[in-house]
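Okay, structure first, notes after.
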Amino acid sequence: MTVFHKGELSVQQRIGVADIAKAIGDKAIRSYMPEQHREFFSQQVLLYAGVLDNQGHPWATPILGEQGFVSSPNATTLSIEARALIEYAQVAQLSVGDSIGLLGLEFTTRRRNRVNGLVAYSSEQALRFEVQQSFGNCPKYIQKRELKPSVFNHAFVPKAADFRELAENDVVLEQVLRHCDTFFIASRAAALNSEDSDGVDISHRGGKPGFIDVDKSSNGKMPSLVFPDFSGNNLFNTLGNIVADPRVGLYIPDFETGCSFWIKGKASIIWDVAQVKPYPGAQRFVQVSIERCLSLTTPTLVQNSDVEFSPALFDVSV
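Per the numbering used here, the sequence shown starts with residue 437, numbered consecutively.
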């Protein structure tokens, strides 16, 4: 049984890395968390999640807590004493049986590990997560920085009214994107839960500041975002999901101010890089047509140190 769904397989075959991806997947993608991953997640004060709203649309969002808010009672379970930040905007609500993707990313060490699975328990203040797939990711394109999660000090919990809906002519997001070097994208398979490979993914994207372009020439009311896809692990989880189902969610943190932006949209892959401006290292581009954008100005993730850009970026970007 393959660890990839049809969308992922089709992208791997198109690019000519199907054999490489199979070898990596068979070895690295497990139905349980190895001990070092369990320890890693238990040390985090911040997770990133891919969750679905009641229409099945993915949203990318952080889950914030204090050290110890994540624990792993066994190799297939994560217990989380917190809720996803986007849930407080009342656009998504995690319930038992829902698919969810989780990413632990330690910016200070550039370590990252992922787990995909199902919500097994849900209460007002906690979640329990059952693993279907567990795997590590390389440190490529991760900027080294120290973050100070500030919103969840148990003194403040956001309300739906704290989230602002951005209008089509709002320039706030465009201003943030000029210095953005990191964002997160949630995507999903066409089917859910029929196989372990079917589910929700959350992944990190990094580049030099301004690597996300704003395209205002689209026919929609909101602009589109275009960003390069660099060489990676050859698994193509996100691109495979986009081929299967174009619905995506982006979480864009402004580490300088601590503000957060959530984007709901539909993605397409631009396979021919010549259709877009020259961008060293870009193997293809992804275009996201924005359908909705929310912002939270209450500081959530504030940068506590200077940025050390990933060495992998030396050979890419302008």
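Yeah, the Cβ is synthetic: ideal placement off N, Cα and C, and Gly gets one too.
Everything numeric in this text was worked out from a predicted model, so none of it was measured.
Exercise for the section: Let me know the secondary structure DSSP gives A485 once reduced to three states. Expected result: strand
Exercise for the section: Helix, strand or coil for D462, going by three-state DSSP, please let me know. Expected result: helix
Practice task
Pair every Cβ in the segment 491-500 with every Cβ in the segment 449-457, then say whether three or more of these pairs are closer than 8 Å.
Solution key: no
Problem - Buried or exposed by the 16-neighbour rule on C-beta atoms within 10 Å, applied to E444 - result: buried
Handout entry: the segment 667-680 contacting the segment 475-487, beta-carbon criterion three pairs below 8 Å
Key = no
Handout entry: Inter-stretch contact (C-beta, 8 Å, three-pair minimum) for the segment 729-737 and the segment 697-713
Key = yes
Problem - P659 burial status per 10 Å Cβ neighbour count (16 or more: buried) - result: buried
Exercise for the section: Could you tell me the boundaries of the alpha helix (DSSP H) in which N677 lies? Expected result: 673-680
Practice task
Entirely within the segment 685-750 and at least 3 residues each: give me those beta strand (DSSP E) ranges in chain order.
Solution key: 696-706, 720-732, 737-739
Problem - Pairwise C-alpha distance: S746 and V712 - result: 24 Å
Practice task
Classify G443 as helix, strand or coil using the three-state DSSP reduction.
Solution key: helix
Practice task
Name, in chain order, the residues that DSSP records as bridge partners for I499.
Solution key: L483
Practice task
Please classify F647: does DSSP put it in a helix, a strand, or coil?
Solution key: coil
Exercise for the section: Please classify D708: is it buried, with 16 or more other beta-carbons within 10 angstroms of its beta-carbon, or exposed? Expected result: exposed
Practice task
Over the uninterrupted alpha helix (DSSP H) stretch that includes F477, give me the two end residues.
Solution key: 471-478
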